[in-house]
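Below: the structure, in structure tokens.
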Amino acid sequence: MKKPELKLPEGVSFLPATNAREAANALAEEVAAVLSSRLALAGTASLVVSGGTTPVPFFQALARKELDWSRVTVLLADERWVPESDEASNTALVKRHLLQHHASAARYLSLTEPGEGLDQALPVIEQRLERLALPLDVLVLGMGNDGHTASLFPTAQELPHALSPPANQRVMAMRPSGQPYERITLTLPVLQNAGYTALLVKGPDKLATLEQAARACDQVAAMPVRAFIKPGLKVYWSP
Ligand SMILES: O=C(O)C(O)[C@@H](O)[C@H](O)[C@H](O)COP(=O)(O)O
Numbered sequence: 001m002k003k004p005e006l007k008l009p010e011g012v013s014f015l016p017a018t019n020a021r022e023a024a025n026a027l028a029e030e031v032a033a034v035l036s037s038r039l040a041l042a043g044t045a046s047l048v049v050s051g052g053t054t055p056v057p058f059f060q061a062l063a064r065k066e067l068d069w070s071r072v073t074v075l076l077a078d079e080r081w082v083p084e085s086d087e088a089s090n091t092a093l094v095k096r097h098l099l100q101h102h103a104s105a106a107r108y109l110s111l112t113e114p115g116e117g118l119d120q121a122l123p124v125i126e127q128r129l130e131r132l133a134l135p136l137d138v139l140v141l142g143m144g145n146d147g148h149t150a151s152l153f154p155t156a157q158e159l160p161h162a163l164s165p166p167a168n169q170r171v172m173a174m175r176p177s178g179q180p181y182e183r184i185t186l187t188l189p190v191l192q193n194a195g196y197t198a199l200l201v202k203g204p205d206k207l208a209t210l211e212q213a214a215r216a217c218d219q220v221a222a223m224p225v226r227a228f229i230k231p232g233l234k235v236y237w238s239p
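Next up, the structure:
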């Protein structure tokens, strides 16, 4: 298969793979190396991952990487506000596929508060996140075809606040129109400026979305993924 080309701003790497497994393995290899060097330097490391369907093979590959996971804090960039027993739960996904094998020793920082409503739970989660050192070390994002990433949806009326939160808020409730669940997301200042940021996307439609996003990177509110299309970003893509 001929690998596609994608015009992205200078400094953004486009890394097309032949299939999802190959992209997952390459990204897992790189993330493990970044985490290891961070651990050697700083003693601890943070790893922020996304939910959805695309990252499962990446989680499975990363979980088998040998590193001192007991010094790694894992958390989600965003979560759908559903019980962990719901198949839409990103927490359940991460527990099932990432916090396994070697990675089962990692510390998991949860964006959920079982049995609570989202608004009631926010202060507790906000307080929990005070422990998180910024900037993040590793951030792996996904992207929707509306240009959302994490739960920064163009259709959410809370988006302006999540892009520029009052009082340094680290998490925010998002209720995007047209989406089936309430969500909680890390705000843009928390997500931005990670030591390493990758975008993992699959399929020709995502390629077209990315192309469209890259054409006007300054118009973040229309396609929030644009906030991350800047030098240093690694885009892992498979058909
Ligand atoms: O929980 C979520 O829905 C996300 O974190 C979200 O930002 C996701 O990464 C994209 O919607 C891509 O999702 P897919 O991988 O399912 O296409």
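The sequence shown: position 222 = 222 (full-length UniProt numbering), numbered continuously.
Every residue, glycine too, gets a C-beta built ideally from N, C-alpha and C.
Determine the burial state of residue 219: buried for a count of at least 16 other Cβ atoms within 10 Å of its Cβ, exposed for fewer. Looking at its Cβ environment, which holds fewer than 16 other Cβ atoms inside 10 Å, residue 219 is exposed.
Using 8 angstroms as the cut-off, can you tell me whether the region 54-65 makes contact with the region 75-84, which would need three or more C-beta pairs spanning the two stretches below that distance? The way I'd put it, the region 54-65 doesn't touch the region 75-84; fewer than three beta-carbon pairs between them come closer than 8 angstroms.
Using only the alpha-carbon positions, how far apart do residue 118 and residue 6 sit? The straight-line gap separating the alpha-carbon atoms of residue 118 and residue 6 is approximately 39 angstroms.
With a threshold of 8 angstroms (Cβ to nearest heavy atom), would residue 25 be considered close to ligand 1? No, the beta carbon of residue 25 sits no closer than 8 angstroms to any heavy atom of ligand 1.
Is there at least one non-hydrogen atom of ligand 1 closer than 8 angstroms to the beta-carbon of residue 144? Correct: residue 144 has its Cβ closer than 8 angstroms to ligand 1.
Is the Cβ of residue 27 closer than 9 angstroms to any Cβ of chain D? Of the chains in the structure shown, none is chain D; there is only one protein chain.
Does the beta-carbon distance from residue 100 to residue 60 come in below 9 angstroms? Yes, these two residues count as a Cβ contact at 9 angstroms.
Stretch-stretch touch, CB-based, cutoff 8 angstroms, three pairs: the region 218-232 with the region 191-210: Taking a contact to require three or more Cβ pairs closer than 8 angstroms, the region 218-232 and the region 191-210 qualify as touching.
Taking 8 angstroms as the cut-off, is the C-beta of residue 55 nearer than that to any heavy atom in ligand 1? Checking the Cβ of residue 55 against ligand 1 gives yes.
I'd like to check one pair, residue 221 with residue 154: are the Cβ atoms closer than 9 angstroms? Pairing residue 154 with residue 221 gives a Cβ-Cβ distance under 9 angstroms.
Candidates 94, 121, 162 and 169: which alpha carbon is nearest residue 50's? If we check each option's Cα against that of residue 50, 94 comes out closest.
Hey, is residue 51 close to ligand 1, as in C-beta under 8 angstroms from one of its heavy atoms? Within the cutoff, so yes.
Determine the DSSP secondary structure at residue 135, reduced to helix, strand or coil. In the structure shown, residue 135 adopts coil according to DSSP, grouped into three states.
Three-state secondary structure (DSSP) at residue 122? If DSSP states are grouped into helix, strand and coil, residue 122 belongs with the helices.
Keeping to the same chain, check which residues put their C-beta closer than 6 angstroms to that of residue 23; ignore five residues upstream and five downstream. The residues 17, 236 and 238, in chain order, have a CB closer than 6 angstroms to that of residue 23 in the same chain once the five nearest residues on each side in sequence are set aside.
Please name the residue in 172, 139, 145 and 207 whose C-alpha comes closest to that of residue 28. Out of 172, 139, 145 and 207, 139 has the C-alpha closest to the C-alpha of residue 28.
Using DSSP bridges, identify the partner residues of residue 78. DSSP lists 185 as partners of residue 78.
Given a cut-off of 9 angstroms, decide if residue 156 and residue 176 are closer than it, judged by their beta-carbon atoms. Contact: yes.
Does DSSP put residue 45 in a helix, a strand or coil? Shown here, residue 45 sits in a strand according to DSSP, grouped into three states.
Assigned secondary structure, residue 234 (DSSP; H/G/I helix, E/B strand, else coil): Three-state DSSP puts residue 234 in a strand.
Three or more C-beta pairs under 8 angstroms: does that hold for the region 210-219 against the region 106-113? Cβ pair count under 8 angstroms is below three, so no.
My output table needs one value for residue 15: the three-state DSSP class, helix, strand or coil. In the structure shown, the three-state DSSP call for residue 15 is strand.
Is the beta carbon of residue 32 sitting closer than 9 angstroms to the one on residue 67? Going by C-beta atoms, residue 32 is nearer than 9 angstroms to residue 67.
Please report the distance separating the alpha-carbon of residue 114 from that of residue 88. The C-alpha of residue 114 lies about 15 angstroms from the C-alpha of residue 88.
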